[in-house]
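The sequence shown begins at 55 in this note's numbering and counts up one residue at a time.
Every residue, glycine too, gets a C-beta built ideally from N, C-alpha and C.
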Amino acid sequence: MRKAPLLSRAQASQEKKNSSYRNLKTQKTLLTLAFIEAISIAKIALPMILTGLLLYTRSMISMLFLGRLGELELAGGSLAVGFANITGYSILSGLAMGMEPICSQAFGGKKHTLLGLTLQRTVLLLMLISIPISLLWLNMKEILLFCGQDETIAREAQSYLFYSLPDLLAQSLLHPLRIYLRSQSITLPLTFCATLSIILHIPINYLLVSHLDLGIKGVALSGVWTNFNLVGSLIIYILISGIHKKTWGGISLECLKEWKPLLNMAIPSCISVCLEWWWYEIMILLCGLLINPRATVASMGILIQTTALIYIFPSSLSFSVSTRVGNELGAYQPKKAKLAATVGLSFSFILGFTALLFAIMVRNSWASMFTQDKEILELTSLVLPIIGLCELGNCPQTTGCGVLRGTARPKVGAHINLGCFYLVGMPVAIWLGFYAGLDFRGLWLGLLAAQGSCAVTMLVVLGLTDWGLEAKRAEELTGAVLVVDDSQKVFKAEIKEHILILSGDVDQTKEVEEQKKLKAEIKEPILNLSKDVDQTKELEEQKKLKAEIKEHILILSGDDTDTCPRLDTGPVALATGQKLDPVA
């Protein structure tokens, strides 16, 4: 009786070991899946980071050529670029992002034809939006003069924008093509094409600006030329590689239909992007109202260039995570989509801490690459650590926006950006900068408040996400546009063939039934005729029998009644079959 507790304890110990083993095995499986997902995200993100750095280099090259032309050209070009970003490029970039959830989820769900149709719709949408943007750019000088800008600077800015008008067409093609490739996890060819275009960008600038002496016009045209080189190389790659065969069904009138899903994604995405882009432009305007506007505006320009450089990393991660989440939701894999979001957000925190360390390490030397002005150097050194802290919130916030795009919820991102940047960050920046006496630092502390609140809100929203529901929504989104996928054409053709065969069998069955009915109709009078013939024969036989009976009766009636007894010849005798034999 004393051994039973020992046996019970041994069994409990063994069950505990088995449970621990199962938990360890599950943890190893999750770690393995997370590692595989991290590799998938990195394969998309790393080429995009290289592409972003290359495109950043292109803008720096253009600024260097503007600086060589003189102070007036640099001021006019910088003003034009800022105006173009606010009124043009931010809008096109934001609208193009509307195709990202549709394409990534369609690719995950193997609805390849939808990618080609969405590409056509987005290009058409951006081209249509470029028309009012062009009209706005053509009247930029009057707008700047109305805002109180110097006339000579406004004239140079107008010249730069006029020759940048073709760039709207290039951007209308470039943004959709990049998203079209990225949604299929194809990013490395974009890096090669960007490298080629940047290599050509320097000689193009030299040809137009220095050799042909076009001045600020040459800088604008060189940017347009480089973007068209990038678009052309991407199209050539797509055609040569053959990746378009599954997704491209040719230019179709179908692209003029079913715009509602695209617009539902594009408009909130555009609002979200513009709200964030415009914040920095507003910050520059606020710097002009501070105690020392010359130094603060110059320092703000350097710091915005710095944040643009750092932003390449979280934005590339954001696009990568958006693609992975969208692909998995499109394939109806909610658990894998959640894992992709979790791994991406983990990467974002690592990027945030790295950016903080970078900002602290270069705080005393970074501004010296741009200027030797002591006042500007001091302001930049003072604010760089604050920028590092901002990136602790910006990296998760940017990645969270990517997750929301992957789940086709850009409206949520737009609401978060509006609330955090303009209802939290802006009042804090104005109060600290102008009323609390923190001046230039106060504006950046306002940005820190915006980024921090945005990151916290984003994490709460993502933590409450029902991934099963999002997978169902992905089915609804990609199924909202009725398209015949190439992978299903053979199957549907076979079904159609069977339907035709079955319909033929049905027709044959109907024909047989009609023939039977006709035969029955023909047979019926024949049967009736045969019955009439039989009745006629029966009547004749009866008549013949009656005639024979009558003949016998006549014979008998002619004999002597005494020698022949009387017979009953009535109906009873006939009915009973009585013999009519004579009696001897």
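In its chain, beyond the 5 residues on either side, Thr245 have a beta carbon closer than 6 angstroms to the beta carbon of Leu104. Annotated three-state conformation of Trp420 is coil, per DSSP. Taking Leu120 as the centre and dropping the five residues before and after it, the same chain places the C-beta of Glu127, Leu128, Gly131 and Val273 closer than 6 angstroms to its C-beta, in chain order. Taking the CA atoms as reference points, Leu410 sits about 8 angstroms from Ile441. A distance of 8 angstroms or more separates the beta carbons of Asn259 and Asp221.
For Ile484, the uninterrupted alpha helix (DSSP H) segment begins and ends at Met480 to Ile484. With the rule of 3 Cβ pairs closer than 8 angstroms, the segment 335-355 does not count as touching the segment 191-206. In the structure shown, the three-state DSSP call for Leu85 is helix. The Cβ neighbour count for Pro155, taken over all protein chains shown within 10 Å, is at least 16; the residue is labelled buried. Annotation for Arg232: Leu244 place their beta carbon closer than 7 angstroms to its own, counting only its chain and skipping 5 residues before and after.
By the neighbour-count criterion, in which a residue is buried when 16 or more other Cβ atoms sit within 10 angstroms of its Cβ, Glu125 is exposed. Pairing Leu227 with Val285, the inter-Cα distance amounts to about 7 angstroms. Of the candidates Ser374, Thr350, Thr241 and Lys300, the residue whose Cα lies closest to the Cα of Thr167 is Lys300. Remark: three or more beta-carbon pairs, one from each stretch, lie closer than 8 angstroms, so the segment 367-376 and the segment 93-109 are flagged as touching. Counting every other CB atom within 10 Å of its CB across the protein chains shown gives Leu472 a total below 16, marking it as exposed. The DSSP assignment places 144-150 and 153-162 as complete runs of the alpha helix (DSSP H) inside the segment 129-190, in order along the chain (cut-off: 4 residues). By the neighbour-count criterion, in which 16 or more other beta carbons inside 10 Å mark a residue as buried, Glu205 falls on the exposed side.
Ala391 places its beta carbon less than 8 angstroms from that of Leu383. By the CB criterion at 8 angstroms, Gly487 and Val379 fall outside the cutoff. Scanning Tyr214, Ile115, Met102 and Leu340 for the CA closest to the CA of Met480 turns up Leu340.
Shortest Cα-Cα distance from Leu307 to any of Glu210, Gln174, Ile98 and Asn418 involves Gln174. At a cut-off of 4 residues, the continuous stretches assigned as alpha helix (DSSP H) that sit fully inside the segment 349-424 are 388-415. Put simply, the backbone Cα of Leu458 is about 14 angstroms away from that of Leu523. If you draw a straight line from the Cα of Ser353 to the Cα of Gly491, it comes to about 18 angstroms. In the structure shown, Leu516 adopts helical secondary structure according to DSSP, grouped into three states. When secondary structure is reduced to three states using DSSP, His298 falls in the coil class, being assigned neither helix nor strand.
In this structure Ile183 touches Leu146 by the C-beta definition: roughly 7 angstroms separates them, less than 8 angstroms. For Ser188 and Leu149, the gap between their C-alpha atoms comes out near 16 angstroms. Taking the C-beta atoms as reference points, Thr241 is found no nearer than 8 angstroms to Pro368.
DSSP places Glu529 in the uninterrupted alpha helix (DSSP H) bounded by Trp521 to Gly533. For Ala248, same chain residues with a beta-carbon under 7 angstroms away, outside a window of 5 residues either side, are Thr105, Leu108, Leu109 and Leu284 in chain order.
Each residue's CA atom was taken as its position, placing Ile294 and Leu235 some 14 angstroms apart. Within 10 angstroms of the beta-carbon of Gln426 lie fewer than 16 other beta-carbons, which makes it exposed. Non-local beta-carbon contacts of Pro439 in its own chain, meaning distances under 7 angstroms to residues more than five positions away in sequence, involve Ala413, Ile414 and Arg417 in chain order.
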